[in-house]
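Asker: Chains as they are written, first to last, in this note's numbering: chain A, 6 to 234; chain B, 6 to 234; chain C, 124 to 379; chain D, 124 to 379.
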Amino acid sequence: MSAPRFEDKPRLDDWAMAMRAAQELEEGGKVFNLGFGIPMLISSFVDREAEVLLHSENGVIGFGPVIEDPERADRYCINGGGQPVEKRPGVAFMSHEESFALIRGGWVDVTFLGALQVAANGDLANWKVPGKISGALGGGQDLAFCAKSVVCITTHQTKDGTPKIVNRLSLDITAPECVKRIISDIAVIDITPDGLVLREVLPGWTPDEVQQVTEPELSVTSDLVEMAL
Amino acid sequence: MSAPRFEDKPRLDDWAMAMRAAQELEEGGKVFNLGFGIPMLISSFVDREAEVLLHSENGVIGFGPVIEDPERADRYCINGGGQPVEKRPGVAFMSHEESFALIRGGWVDVTFLGALQVAANGDLANWKVPGKISGALGGGQDLAFCAKSVVCITTHQTKDGTPKIVNRLSLDITAPECVKRIISDIAVIDITPDGLVLREVLPGWTPDEVQQVTEPELSVTSDLVEMAL
Amino acid sequence: MPIDKVVGSFDEAVADVADGSLIHVGGFGGPAEYPSYLIAALARRGSKGLTITGNHSGFSEGQLTMMKQRMSGMMAYPDDYFSPGILVERGQVAKGILAFPVLPGAALKVPFEELLEKGEVELELIGQGSLAERIRAARAGIAAFYTPVGPGTVTQRDKEVRWFDGRPHLLERALKGDFSIIRAHKADRWGNLVYRGTARTFNATMAGGSRVTIAEVDEIVELGELDPECIITPAPYVQRVVVRPQEPVTDWRTPC
Amino acid sequence: MPIDKVVGSFDEAVADVADGSLIHVGGFGGPAEYPSYLIAALARRGSKGLTITGNHSGFSEGQLTMMKQRMSGMMAYPDDYFSPGILVERGQVAKGILAFPVLPGAALKVPFEELLEKGEVELELIGQGSLAERIRAARAGIAAFYTPVGPGTVTQRDKEVRWFDGRPHLLERALKGDFSIIRAHKADRWGNLVYRGTARTFNATMAGGSRVTIAEVDEIVELGELDPECIITPAPYVQRVVVRPQEPVTDWRTPC
């Protein structure tokens with residue numbers, strides 16, 4: 006599908022998408038996994054006082070924000086993307102087999118993952134960039150298959166304007182029917198048994214304009230709100 | 006098979022059998038598991054200076070002798086039979102799943118087990134006493150199936166004189182073709198691809214007398230020695 | 124809202140254990156490993172038709188009293204030691220998935236053996252290793268696995284046999300419980316746990332092996348006090364934590 | 124004879140790694156997790172036709188130099204950091220069983236990607252979780268297991284699919300190596316190991332996943348100094364221990 010570029014319209018950058026995604030977090034013991042890429046930025050938007058249980062697949066649970074100061078960085082406490090993160094009281098380390106026991110066993114409540122494409126039925130493609138001979142499967146497939154909920158964070162369109170939210174995947178699938186919510190640079194969309202529901206729209210965009218850059222049909226309900234950070 | 010009782014002949018008691026079994030131990034990193042019953046007594050015959058790696062299936066490796074003094078006993082360091090054992094430098098604790106990963110994965114070099122019957126092909130029956138509605142499988146089945154070598158410690162005959170070393174098991178099998186050596190109260194017998202070989206005989210017994218209380222045929226080689234403690 | 128999994132009493136901790144639940148009961152066989160207070164609370168609650176899993180089916184109340192005396196020459200048994208046998212004795216258990224349902228010798232008949240003879244309880248006999256791995260599989264999201272242990276024996280039953288690497292293997296299924304009741308040494312309010320010596324055993328294995336894991340602990344420490352390198356059970360596997368009383372409660376009938 | 128698994132040099136530790144060996148290479152992706160000195164020793168030894176497993180295929184020597192500079196704004200990278208990429212770059216690797224064979228973006232082409240494009244290396248792509256569990260299965264004597272991860276995707280290949288609990292599962296086989304080369308923090312001469320923070324990762328998983336496990340450690344401590352409650356890898360899983368040099372050796376060509 007070809008789609009308009011809307012080049013003059015506002016869009017969230019990676020950090021702003023991560024900031025919006027941080028609103029999905031909650032205290033109380035639920036486990037949130039921050040996947041490779043943009044999701045790793047989320048930990049920087051967690052209130053330091055808040056007891057949000059963050060897991061990273063390389064084997065750490067209960068960590069804090071990314072450490073920005075290289076002097077304070079500890080290379081023995083990194084996230085799945087290799088960034089140094091704060092140890093906080095309650096943090097625990099585990100082996101890779103135990104970290105993925107936690108993932109495979111369904112103990113991760115929400116995982117945030119990047120996406121190359123998301124299909125209307127929740128199919129996710131995020132491991133192989135077109136043109137590359139192979140890709141980076143990492144721990145994302147285990148997470149996509151086994152987390153209770155998958156939230157994708159992604160630009161709404163590729164650089165050439167092609168929609169990333171599609172009727173059917175054209176790229177290699179990571180996991181089927183797993184994505185429950187998409188947080189893009191212009192909207193928040195839920196994937197429900199009744200189809201795609203537009204929940205939030207970035208100021209400067211209309212629902213109709215969001216539809217023009219989204220391949221499957223979006224339904225708009227009365228509780229649609231503006232995307233706020 | 007009915008067998009003579011030889012009631013006037015000497016026999017090793019449980020402690021003496023354990024003492025003979027302790028001769029099977031060696032230093033250098035091999036892992037020895039001491040099963041439920043008589044085998045638990047073996048740890049008391051290990052030289053305190055010797056670095057023999059003892060494993061107990063409840064999740065401790067590298068422990069020392071049974072503690073005889075109740076004042077010094079630590080109920081947080083017990084063997085598989087519930088007896089308090091010494092912690093020694095190098096000891097490590099593990100969960101049950103890890104303890105049996107060690108067993109199932111073939112990391113136990115020798116396990117010492119009790120026996121109700123051992124067949125000529127190495128089949129072992131040791132979990133269900135005749136007449137009981139069920140039995141005590143414990144960790145013995147995992148050990149019998151997976152240890153590199155199984156050494157059985159048992160009286161040669163039941164209390165009524167019936168041989169315990171038999172052509173074929175009549176009792177419920179624990180594991181097939183696993184026993185490599187039998188240390189009894191009157192002899193040491195190896196189970197080899199060529200059949201049962203009598204290795205040691207307790208002073209006071211002749212090879213022929215041992216054969217009279219053993220159902221399968223024993224071969225006697227020139228290196229037969231007296232059983233010594 | 125900070126994370127706080129500490130509940131005020133053992134009775135409260137097991138208040139939602141329904142009849143017919145599958146319960147992984149931690150412990151091994153010695154006096155220091157059982158979640159004695161949680162077992163006592165389950166006895167007080169009186170839930171019926173339970174399936175219990177674990178190593179040992181446990182002793183009756185009378186046998187425990189005898190054990191405490193008989194064993195005193197070997198090591199002191201605490202007065203607040205209860206094993207799953209008191210649940211069996213009271214008819215709360217419909218089925219046991221156990222490695223030691225009855226004792227090896229003829230000397231002592233545990234409650235499970237008596238009920239088994241009467242046909243009043245069902246037994247699924249299993250070795251410790253396969254039981255531990257089935258519970259671990261439940262925690263780890265492994266639906267089933269092939270183990271070399273058991274083909275051609277009592278534990279094969281109707282399980283699939285398949286050959287790998289020249290040896291027959293049994294297909295064993297994950298065994299997820301409704302509740303795991305376990306004993307640990309220290310906890311923080313997030314539910315991170317450490318154990319003590321050989322009391323780790325099935326307790327650590329069963330943590331996370333059920334929908335709800337309830338840990339009975341010697342002590343609750345401040346968040347951050349447990350060494351992150353030494354935490355054996357991380358927080359997500361534990362839903363409730365209860366601390367053992369300072370003064371032993373020696374009659375299981377006493378609410379606590 | 125006391126148990127002593129300490130060997131004097133990295134070269135000695137890998138001296139029997141034959142061509143065609145299957146090697147589990149510990150580490151994850153950061154600079155603190157790889158068994159850098161063992162990787163360097165393998166490069167010096169020059170064993171060919173290796174199958175390596177692990178998360179990441181690793182960087183070339185030149186890329187490592189660039190990484191060390193580029194990453195300095197985030198955190199200091201040690202000068203003695205080598206990743207399996209130097210083995211790939213030197214043509215020692217015939218096959219990779221990997222989760223990150225190539226990088227996600229187009230910016231950087233790691234050696235494995237270049238060889239893959241030329242058809243000079245074979246790839247078995249696998250997710251981190253299935254890889255970790257296959258290695259753990261080898262250690263634990265589990266021949267194969269059913270995981271819900273992968274049906275209908277690139278990782279299914281010719282694996283058996285079977286339904287459990289309403290979901291398709293893949294049958295994954297145990298993956299036992301000839302050698303595991305891992306990094307740990309402290310060891311004693313028995314081979315008991317502890318790790319440090321997130322450097323535990325695949326290192327602890329691969330310990331015991333091979334016929335021979337070789338641990339590169341920061342420090343060898345006296346027997347008894349490691350807390351028995353905190354030992355992550357017990358002695359039987361480790362066959363050789365080598366201590367890292369006090370002064371970093373920054374050229375992998377230097378024998379040590």
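Note that CB positions come from ideal geometry on N, CA and C, so glycine has one too.
(1) I'd like to know whether the C-beta of P227(D) is nearer than 8 Å to at least one C-beta of chain B.
(2) Can you find a CB in chain A that lies within less than 8 Å of the CB of K282(C)?
(3) Please report the straight-line C-alpha distance between S7(B) and V317(C), rounded to a whole angstrom.
(4) Along the alpha helix (DSSP H) that carries D134(C), what are the first and last residues, could you check?
(5) What residues are listed by DSSP as bridge partners for F246(A)?
(6) Which bits of chain D does G264(C) rub up against, with CB to CB less than 8 Å?
(7) By Cβ distance, which residues of its chain are closer than 7 Å to D127(C), with the 5 residues on each side in sequence left out?
(8) May I ask you to list the residues that DSSP assigns as paired with L173(C)?
(9) In chain D, which residues lie with their C-beta within 9 Å of the C-beta of M22(A)?
(10) Between the region 240-256 of chain D and the region 94-110 of chain A, do at least 3 Cβ pairs fall closer than 8 Å?
(11) Does any C-beta atom of chain C lie closer than 8 Å to the C-beta of C183(A)?
(12) Using CA atoms only, rank isn't needed, just tell me which of G228(D), P224(D), T324(D) and G250(D) is closest to E240(D).
(13) Applying a beta-carbon distance threshold of less than 8 Å, which residues of chain B neighbour L346(D)?
(14) Per DSSP, what kind of secondary structure is Y269(C) in: helix, strand or coil?
(15) Give every residue of the same chain whose Cβ lies closer than 6 Å to the Cβ of A124(B), excluding the five residues on either side of it in the sequence, and list them in chain order.
(16) Just checking my contact of R109(A) with C151(A) at CB under 8 Å: how many whole Å lie between their CB atoms?
(17) How many whole angstroms separate the CB atoms of D195(B) and V202(B), which I take to be in contact at a CB cut-off of 8 Å?
(18) Name the residues in the region 222-255 of chain D whose C-beta lies less than 9 Å from a C-beta of chain A; which are they?
(19) Expressed to the nearest angstrom, what Euclidean distance is found between the alpha-carbon atoms of L187(C) and A138(D)?
(20) For chain A, check one thing: does any of its Cβ atoms lie closer than 8 Å to the Cβ of M189(D)?
(21) Helix, strand or coil for V134(B), going by three-state DSSP, please let me know.
(22) Based on the DSSP output, what are the partners of I187(A) in its beta bridges?
(23) According to DSSP, what are the bridge partners of I170(B)?
(24) In its own chain, which residues sit with a C-beta less than 6 Å from the C-beta of Q216(A), not counting the 5 before and 5 after it?
(25) At the level of alpha carbons, what is the spacing between V155(B) and P94(B)?
(26) Who are the near neighbours of H308(C) in its chain, counting only those whose CB is closer than 6 Å to its CB and skipping five residues on each side?
(27) Just list the residues that DSSP pairs T219(B) with in beta bridges.
(28) At a Cβ threshold of 8 Å, is F37(B) touching chain C?
(29) Just list the residues that DSSP pairs L246(C) with in beta bridges.
(30) Are the CB atoms of V361(C) and T336(C) within a distance shorter than 8 Å?
(31) Along the region 312-329 of chain C, what residues have a CB closer than 8 Å to any CB found in chain A?
(32) Distance cutoff 8 Å, beta carbons only. Does S227(B) sit that close to anything in chain C?
(33) F287(D) versus chain C: which residues are under 9 Å apart at the beta carbon?
(34) May I ask you to list, following chain order, the residues of the region 167-188 of chain C that have a beta carbon less than 8 Å from some beta carbon of chain B?
(35) Let me confirm a value: G136(A) is counted as buried when at least 16 other C-beta atoms fall within 10 Å, else exposed. Which label applies?
(36) Keeping to the same chain, check which residues put their C-beta closer than 6 Å to that of M329(C); ignore five residues upstream and five downstream.
Answerer: On the basis of the coordinates in this document:
(1) Judged by the 8 Å Cβ criterion, P227(D) is not in contact with chain B.
(2) Answer no: the Cβ-Cβ gap between K282(C) and chain A never drops below 8 Å.
(3) Going by C-alpha positions, S7(B) is about 55 Å away from V317(C).
(4) Its alpha helix (DSSP H) spans residues F133 to A136.
(5) The structure shown does not extend to residue 246(A), since chain A is modelled only from 6 through 234, so no value can be given for it.
(6) Simply T270 and P271.
(7) Cβ neighbours of D127(C) beyond the five flanking positions: R312.
(8) For L173(C), which the question treats as bridged, DSSP gives the partners V216(C).
(9) Neighbours of M22(A) across chain D, judged by C-beta separation under 9 Å, do not exist; the nearest C-beta is about 17 Å away.
(10) Touching, yes, given that three or more Cβ pairs across the two stretches are closer than 8 Å.
(11) No, C183(A) does not count as interfacial toward chain C.
(12) Comparing Cα positions, the closest option is P224(D).
(13) Within 8 Å of the CB of L346(D), the CB atoms of chain B belong to P94 and G95, in sequence order along the chain.
(14) Shown here, Y269(C) sits in a strand according to DSSP, grouped into three states.
(15) Within the same chain, Cβ atoms closer than 6 Å to the Cβ of A124(B) are found at V171, R173 and L174, the five residues on either side in sequence being excluded.
(16) Contact between R109(A) and C151(A) holds: their C-beta atoms lie close to 5 Å from each other, under 8 Å.
(17) The Cβ separation is near 5 Å, so the contact holds.
(18) Among the residues of the region 222-255 of chain D, those with a Cβ less than 9 Å away from any Cβ of chain A are A222, F223, P224, V225, L226, P227, G228, A229, F235, E236, L239, E240, L246, L248, I249, G250, Q251, G252, S253, L254 and A255, in the order of the chain.
(19) Approximately 58 Å, taken between the alpha carbons.
(20) Judged by the 8 Å Cβ criterion, M189(D) is not in contact with chain A.
(21) DSSP places V134(B) in coil when its eight states are reduced to three.
(22) Bridge partners of I187(A): C157(A) and I194(A).
(23) Per DSSP, V123(B).
(24) Taking Q216(A) as the centre and dropping the five residues before and after it, the same chain places the C-beta of L223 closer than 6 Å to its C-beta, in chain order.
(25) Taking the straight line joining both Cα atoms gives about 27 Å.
(26) If the five residues before and after H308(C) are omitted, its C-beta is found closer than 6 Å to the C-beta atoms of V317, Y318, R319 and D341, all from its own chain and listed in chain order.
(27) Residue pairing by DSSP places T219(B) in no beta bridge whatsoever.
(28) No, because no Cβ of chain C sits closer than 8 Å to the Cβ of F37(B).
(29) The partner list for L246(C) (beta bridge, DSSP) reads G219(C).
(30) Yes.
(31) Those residues of the region 312-329 of chain C placed with their C-beta closer than 8 Å to a C-beta in chain A are W313, G314 and N315, ordered along the chain.
(32) No - not a single Cβ of chain C is within 8 Å of the one on S227(B).
(33) Residues of chain C whose Cβ lies closer than 9 Å to the Cβ of F287(D) are, in chain order, A266, A267, R296 and A297.
(34) Within the region 167-188 of chain C, the qualifying residues are N178.
(35) Exposed, since its Cβ has fewer than 16 Cβ neighbours within 10 Å.
(36) For M329(C), where only same-chain residues beyond five positions count, the Cβ hits under 6 Å are H147, G149, I258, S303 and I305.
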